Amino acid sequence: MKGRFYWMGLAAFASKQVRCGLDFIPNEPYLIMSPPIVQPPLRIGKKNLGKGNFWLFQDIFVWHWFYSKYPDQFDECAPERDVSSFEGQIKANVESLPWAEDALPVLKNLHVTDDILKGFDYIEQVEKLPSGIERRSKQLLSLNEIANHEQRKILQPLIYENFLFRATLDMQAFFERVPLLPVRLAAFSTACEVDDPELSVQMKEGDLYNETDRMEFIGAIVDQFHALMRERKTYMESEIFEISTWASVK
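According to the working numbering, the sequence shown is numbered sequentially starting from 340.
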């Protein structure tokens, strides 16, 4: 995040926000204590949030891991990634993952996209530049390309085209003005919501499942993240580091 993988800094906050949404929805058997009318949409919401986040990780982690290990072979090897061509136990392991039967065909067996290739090309350029305006510009370009990939190529077809999930998001949008209910928000903090308007971006119009509406929301989030990484860098790095420690919490 301090160097080449700028997208990961924003992804930390995005993953935290998904966690907030998942934590808001009770697990079974406590979910049955909720009013019966809200139980189906809560289950649908929890399933799709989990499914989207899980398969986004399966896709995006490998690109970053491979580039960090073999940067000189990335352009040559990236087009070869195709789960259908995997062999033996590796293929069996991937195909046994949660939701794999539904996800892999939709995600075209995790094949590389133009957005990924462009994003990592900008990452390569970042590595060759000293600190300064040009380097930050390339970091932003890499972030936008990878954000396009995750939103348009992974999450949109995988979860946002689902009719029942769309209905659930419509219900959330309708009730988000009710106190104590979560809103469509990105908070640049370890907290789910913050009072400081500089540290959050809220979606107040449009539909989250509509690709155009959501990308406008994502664009505002990216712009604010980029500004904060210039103006409040120490704070941002501290919050991202804190989120990174959650992986070791049992």
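Where a beta carbon is used, it is the ideal one built from N, C-alpha and C, also for glycine.
Keep in mind the model is a prediction, meaning the values are calculated, not measured.
Residue 361 vs residue 381 beta-carbon contact at 8 Å: no
Runs of alpha helix (DSSP H) wholly within the stretch 543 to 571 (minimum 4 residues, chain order): 550 to 570
The stretch 463 to 483 touching the stretch 417 to 426, judged by at least three CB pairs closer than 8 Å: Segments in contact, no.
Inter-stretch contact (C-beta, 8 Å, three-pair minimum) for the stretch 489 to 505 and the stretch 577 to 587: no
Rounded C-alpha distance that separates residue 570 from residue 536: 15 Å
Of the residues 435, 439, 442 and 488, the one placed nearest residue 458, counting alpha carbons only: 488
Residue 465 - DSSP class collapsed to helix/strand/coil: For residue 465, the three-state secondary structure derived from DSSP is helix.
Residue 344 to residue 403 span [Cα, whole Å]: 8 Å
Buried or exposed (CB count within 10 angstroms, at least 16 for buried), residue 462: buried
Assigned secondary structure, residue 480 (DSSP; H/G/I helix, E/B strand, else coil): helix
Residue 579 vs residue 486 beta-carbon contact at 8 Å: no
Inter-residue Cα distance where the pair is residue 559 and residue 568: 14 Å
Assigned secondary structure, residue 381 (DSSP; H/G/I helix, E/B strand, else coil): The answer is helix: DSSP assigns residue 381 an H, G or I state.
Member of 465, 490 and 493 whose CA lies at the smallest distance from the CA of residue 481: For the options 465, 490 and 493, the alpha carbon positioned closest to that of residue 481 is the one of 465.
Contacting residues, own chain, Cβ-Cβ under 7 Å from residue 554 (five flanking each side not counted): Taken in chain order, the residues that qualify are 490.
Nearest residue (CA-CA) to residue 503, options 346, 385, 351 and 348: Comparing Cα-Cα distances from residue 503 to each of 346, 385, 351 and 348, the minimum goes to 385.
Helix, strand or coil at residue 528 according to DSSP, with G and I counted as helix: coil
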